[in-house]
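**Student:** Pasting a structure below so you can have a look.
In UniProt numbering, the protein residues as written are 1 to 102.
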């Protein structure tokens with residue numbers, strides 16, 4: 001059984017160009033001073049947000065470093081290599097397979 005390869009794909013394969021590209025997820029790693037993160041509020045939740053601002057990626061990174069010894073060895077920008085981020089509650093979970101597959 002044969003397979004048809006068009007001329008474009010044949011040239012790409014002859015020249016050893018990558019057929020499929022994979023790109024990593026890009027995170028915006030914001031930096032802010034302690035208790036100086038942006039807080040978005042409405043008239044209904046202003047008091048609650050002022051007393052307990054939402055967790056940011058940076059504050060969740062610091063909390064993870066307190067709890068996880070391996071995370072302490074990483075810099076903030078290295079964290080997505082070994083952890084996945086749960087956007088719902090700004091927590092980090094260790095990747096099952098180790099590093100990101102490229």
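Here a beta-carbon is modelled for each residue, glycine too, at the ideal position from N, C-alpha and C.
Would you please state the rounded distance, in angstroms, between the beta carbons of residue 58 and residue 32? I believe it to be under 8 Å.
**Tutor:** About 6 Å separates the CB atoms of residue 58 and residue 32; that is less than 8 Å, so the two are in contact.
**Student:** Quick one: residues in its chain with C-beta nearer than 6 Å to the C-beta of residue 71, no 5 flanking neighbours on either side, listed in chain order?
**Tutor:** 64 and 65
**Student:** From residue 62 to residue 50, what does the alpha carbon distance come to, in whole angstroms?
**Tutor:** 21 Å
**Student:** Given a cut-off of 8 Å on the beta-carbon distance, is the pair residue 94 and residue 77 in contact?
**Tutor:** no
**Student:** With residue 56 and residue 34 assumed to form a contact (beta carbons below 8 Å), what rounded beta-carbon distance in angstroms separates them?
**Tutor:** Rounded, the Cβ-Cβ distance is 11 Å, inconsistent with contact.
**Student:** Along the chain, where does the beta strand (DSSP E) containing residue 85 start, and where does it finish?
**Tutor:** 83-86
**Student:** In the DSSP assignment, find the unbroken alpha helix (DSSP H) run with residue 59 in it and report its ends.
**Tutor:** 57-67
**Student:** Put residue 94 into one of helix, strand or coil per three-state DSSP.
**Tutor:** Correct three-state label for residue 94: strand.
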